[in-house]
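Q: Input: one structure, supplied below.
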Amino acid sequence: MNKGVVSFDRKSMIIGGERVLLYGGEFHYFRVPHELWEDRLQKMKAAGLNLVATYIPWNFHETKEGEFNWARDRDLEKFITLTEKYGFYLVIKPGPYICAEWDSGGFPDWLLAKKINLREDDPEYLKIVGKYYKEIAKILRPHLITKGGNIILFQIENEYDHLIAFSGVKRYRDNALRYHLKLLKIVRKTGIDIPTFAVEGSFLRKSEIIDARTYYPNIPWIWLWEFNDFDKAIDASVAEQPKKPLMIMELETGWFAQFGRPLYQIEPEVTRAILRTVIAEGASVMNQFLFVGGTTFPYWNCKGDLDGIGTCTTYDFGHSPIREWGEVSPTKYHMARNTAQFLDSFEDVLFEAEKKEGAAKFIDAGNTVALVDRKKGAVKPDFSGTFENVKVVETAGRKGGFIMIRNLTEDTHRVQIEYFSPAEKRNKRLPMKGDLELGPRSSFLLPIDIPIGDGGMVLKQSTCELLLRKKIGNDEFVFLVGKSELKSRTYLKCGSAKPVVVEGDFRVEKARDGYIIENDNGGLRIIKVGGVFFVFLDDKKAARVWDRQEAVVVSDYYYIGDILVDRKSIGISAQVKNGSNQRTRIFTAFVPKAIRINNVKVKFKYDKETGSATFEYDCAVEELPKITWLDSPRFISDIEEKEYGYNDSSWKTIALPKALEQAGFLEHGFIWYRQKFGLKGKPSECRAKIVTNDIDRFYVYINGEFIWRGIGSPDLDITGAVKKGENVLAVRYENAYHTKAHPHEGPIKKLSGIMQPVKIHGRASGRAFSIILKKMLIRERAGGLIKGYHKSECSESGWRVSPPAKKYVFAKDMGELLWYRRKFKLLPRKGGVCALKLTIDHALERCVIYLNGRALGKYESVGPQNDFYIPEPFLRNENTLAILIEGPGFHPVKESGFMPPVLKDPKIGFYYTAKLLNVRISG
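Using the numbering used here, the first residue of the sequence shown is number 6, and each one after it goes up by one.
Written as structure tokens, this is what we have:
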């Protein structure tokens, strides 16, 4: 490791001799078309982040052994260069195991066929990993911070503690450290000379590798609001690696979606509480997982949980700050952005601060909670022993500090807190008088003893949070945020300087060495003390505050992409939503003479005292972009491979037992198997045993007749379908996904396909027989894909045309697999942006969706996903929507009868539309 350029201690990463507080988010380049990378990075930059983290999925780049693909959506070099362009530090996480709710956790299919032990100290496995590391190092080395680039951290493996804890395999625990150190040795051999870390690798704490932590207090159907266990894990990490920084590399913003379960969106209050907690704990590397929502295009998904049936196409991760379709979240994005403003303004305080164990405590919560034991019941005004989900922590130093308070219960608590004042060296009370009203699921990071300006002023305490401090011209501004339910009370030590109300209602009370300033949190209010403007905001107004250099903008604009500040001009690039009046107030260092929006001059009011200009923009309801269907729906069956007389002479042969991966059939999606067998007499009591894994679904046909569909290894009654003489068995198998090589999903390795010779037995003219099919003919891909049914240029001769309808029900002669096609045109709105979605309200039973030949998503009738993002780069002037529909075949419970495929008419609409604004303020 080149310590002269990058190093670390317990406080932070140190780059070029300077401490750096790293605050950013996870962005999976492989889940976003490469044409959109820059847009998403611009939005991360506008949020104030300085860090981007991404995995490198091995299987995404080396689908065939020895053949690497670094083009287009796989152009890692381009992605890294863009992060450099926008001034981000970059964390690279190449695995070899990444998890990421990605097929095989990133392991290539061809690797599964080898007789090696994955994720452990296996010489052959490590040799192959070495080749992979060597290949990616060619791309990474020129971009390392030690070579003048921006890559500052390299992750080795991922969440190995989970493998130890949940697999029950003793050798994982025994060999964990040796395995990781061998990976480190390979990394160093490739010329990667930056710090390394692993996430959830507690056994590494005495090594060179940093053990980074996750923070997931809300995992649906497992636990909710379970903060305390993660706090304990942080305490142990800090205690056991005292010379390393506290890194929270997966700070929860949501959770992934799985078929058959509701879409889970965690409340913004969860992420808010995590952020405040880890800041108070001293974290100096914070990575929000996930920050940029993405799409897991077919077939890159994985199983999900242990009983999962697959993860969904959407990887919006339960409402990401930047949504899958590029819209910024009205809650999580601005919360993250406001946190960045706070960290940027007060990182000097945080670097000086230390967590003071036990220094802050609840001293009076009234008679809210009583603890009852076998002897008596007693009210616990300090919550001691009650297991109540509340907490208070102090972090402070010579530049002041903060009190983190959280109430994660569903109740409101009125509390008083005692803390140790670092400036006065004595215990004090917060608030000075009255109570703090902590609403349900609330959290705060309240300031204590923070120096303000250069004149000796000190913010002694406040029930408002600090947001931002900014020097604008000769004036200093301090922005504070208060929750509406929490009474705003701020104590300033300001000597003889008397507060002067500038705007709004305040109550000012003289204190011993300063003033107590009170107001009801709401809107924007300003009071001036000495040469400092204190701007009080409620949390809704704080979400509208943007800043850059010597300018602060408070605007109703939906999104501000950039603020360019010159000596006598300011340019703002913004987006606004339809049908709303947009008010903007800008605090500047110069007096504006003119303001133009999209080159049209607008009126404004200038307030000389605060140096701010206010103006409005009426965003009238404008016509939306137009979507027009160009033809009627067309349909065609795709099931001819099941027929007795189908010509399979060009198919390959697979010898059983052999999995698809072992035989070199690595393409995911539909696989057809066929084989003939003969009976010498009239059949009776005939059965077929087909052994597969317990993950993939398949359909079975005998002589063209549908027999069964499901998951597992059925012993099927085929008597009614077989005949004397030659018969044909056909199996349509969907190699849908693997596990993500995590013990939560079962074994690390998942092999696919028909795993054993097919056994057919029964009686022919009364005589027992047994046939073992040790070879099968095999072909990858559905026939329609080979014929190009999903592509725009495909001939539609032979397709059945239907008038548009609300729902399409397909007759038995269409079979269990068929295609829908329809063309549409998008007429965008000039000067605007939009994000399209395809909606399938209902279908039986599954769909694979294509647009202009590109796989878009997978639909399952069990839900939860009905809306599918249509990425802008997928669109053309005229577009072809193609949907491969797989019907149920029979009643799924009775396993008999006929149930037709069904498709409700697909709809194309918008996730959002916005108008582009260019604001120019001239002085």
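Backbone N, C-alpha and C define an ideal beta-carbon position, used for all residues, glycine too. Fair warning: this is a prediction, and the values are worked out from it, not measured in the lab.
Can you find the residues in the same chain that come closer than 8 angstroms, C-beta to C-beta, to L721, ignoring five residues on each side of it along the sequence?
A: Only R692, A693, K694, I695, V705, I712 and W713 meet the Cβ criterion.
Q: For the segment 173-223, which segments carrying the beta strand (DSSP E) assignment without a break, of at least 3 residues, lie completely within its bounds, in sequence order?
A: Taking only runs of at least 3 residues, the beta strand (DSSP E) segments lying wholly in the segment 173-223 are 201-204 and 215-220.
Q: Run through the DSSP bridge pairs and tell me what R530 is partnered with.
A: Paired residue(s): F541.
Q: Can you give me the C-alpha to C-alpha distance between W804 and P893, rounded to a whole angstrom?
A: Looking at the two C-alpha atoms, the distance is approximately 22 angstroms.
Q: For the alpha helix (DSSP H) that M49 lies in, which residues bound it at each end?
A: Counting along the chain, the alpha helix (DSSP H) containing M49 begins and ends at W42 to A51.
Q: Check each candidate in L280, R266, F232 and K211 and name the one with the smallest Cα separation from Q246.
A: Ranking the options by Cα distance to Q246, first place goes to K211.
Q: For a quick check, are the C-beta atoms of I197 and L131 less than 8 angstroms apart?
A: Cβ distance not < 8 angstroms, so I197 and L131 don't count as in contact.
Q: Alpha carbon to alpha carbon, how far is P748 from F32? Give it in angstroms, no decimals.
A: Taking the straight line from one Cα to the other gives about 25 angstroms.
Q: Can you pull the DSSP bridge partners for E481?
A: In DSSP, E481 forms a bridge with K476 and V537.
Q: Between the alpha carbons of E125 and D321, how many angstroms are there, rounded?
A: Cα-Cα distance, rounded: 32 angstroms.
Q: Hey, quick one: how far does the alpha helix (DSSP H) through W677 stretch, first residue to last?
A: It is not in any alpha helix (DSSP H) - W677 instead sits in the beta strand (DSSP E) that spans G674 to L684.
Q: Is L921 near Q580, with beta carbons less than 8 angstroms apart?
A: Yes, the pair counts as a contact, with Cβ atoms nearer than the cut-off.
Q: Helix, strand or coil, according to DSSP, for G862 in the structure here?
A: DSSP places G862 in strand when its eight states are reduced to three.
Q: By the three-class DSSP mapping on this structure, what secondary structure does F895 have?
A: It is coil, neither helix nor strand.
Q: Taking all protein chains shown into account, do 16 or more other C-beta atoms lie within 10 angstroms of the C-beta of A244, making it buried, or fewer, making it exposed?
A: By the 10 Å Cβ count, A244 comes out exposed.
Q: Should the segment 832-846 be regarded as contacting the segment 899-912, the criterion being three or more beta carbon pairs within less than 8 angstroms?
A: The segment 832-846, when compared against the segment 899-912, does touch it at the 8 angstroms Cβ threshold.
Q: Does the segment 871-890 touch the segment 568-575, meaning 3 or more C-beta pairs lie closer than 8 angstroms?
A: They do not touch, by the three-pair rule.
Q: Can I926 and S574 be called in contact, C-beta distance under 8 angstroms?
A: In contact: I926 and S574 (Cβ atoms closer than 8 angstroms).
Q: Name the DSSP beta bridge partners of V11, please?
A: Per DSSP, I20.
Q: Is the distance from the Cβ of P101 to the Cβ of V134 below 8 angstroms?
A: Closer than 8 angstroms, so yes.
Q: Here's a check: name, in chain order, each residue in its chain whose Cβ is nearer than 7 angstroms to the Cβ of L56, leaving out the five neighbours to either side.
A: Result list for L56: L27, Y28, G29, F93, Y94, V96 and N292, in chain order.
Q: According to DSSP, simplified to helix, strand and coil, what is V486?
A: Strand, per DSSP.
Q: Can you list, in chain order, the residues of its chain with a C-beta nearer than 7 angstroms to that of S1? Leave out the 5 residues immediately preceding and following it.
A: Since the displayed the chain opens at 6 and closes at 928, residue 1 lies outside it and no answer follows.
Q: Can you give me the start and stop residues for the alpha helix (DSSP H) that W115 sits inside?
A: Unbroken alpha helix (DSSP H) run through W115: D114 to L117.
Q: Determine the extent of the beta strand (DSSP E) in which V463 is found, giving its start and end residues.
A: Residues M462 to S467.
Q: Start and end of the beta strand (DSSP E) containing R342?
A: R342 -> not in any beta strand (DSSP E); alpha helix (DSSP H) instead, spanning K337 to E357.
Q: Are there 16 or more other CB atoms within 10 angstroms of the CB of S489, so buried, or fewer, so exposed?
A: It counts as exposed.
Q: Taking all protein chains shown into account, decide if K396 is buried (16 or more other Cβ within 10 angstroms of its Cβ) or exposed.
A: So K396 counts as buried.
Q: Any contact between the segment 364-381 and the segment 321-333? By contact I mean 3 or more CB pairs, one from each, below 8 angstroms.
A: With a cut-off of 8 angstroms, the segment 321-333 and the segment 364-381 do not count as touching, because too few Cβ pairs lie within range.
Q: How many angstroms separate the CA atom of W63 from the CA atom of E82?
A: Going by the C-alpha atoms only, they are around 15 angstroms apart.
Q: Less than 8 angstroms separating the beta-carbons of L491 and E442?
A: Going by C-beta atoms, L491 is nearer than 8 angstroms to E442.
Q: Could you pull out every residue in the same chain whose Cβ sits closer than 6 angstroms to the Cβ of N7, ignoring the five residues on either side in sequence?
A: The answer, listed in chain order, is T151 and D198.
Q: Note down, in chain order, each residue of its chain lying with its Cβ closer than 7 angstroms to the Cβ of I103, except the 5 sequence neighbours on either side.
A: So the list reads Y60, P62, G110, G111 and N163, once near-sequence residues are dropped.
Q: Leaving aside the five residues before and after I239 along the sequence, list all residues of the same chain whose C-beta is less than 7 angstroms from its C-beta, in chain order.
A: Excluding positions up to five away in sequence, the list reads R218, L251 and E286.
Q: Taking only the alpha-carbon atoms, compute the straight-line gap between L348 and G862 and give it to the nearest angstrom.
A: Each residue's Cα considered, the two are about 38 angstroms apart.
Q: State the Cα-Cα distance for the pair I532 and E555, rounded to the nearest angstrom.
A: Spanning the two alpha carbons is a distance of roughly 20 angstroms.
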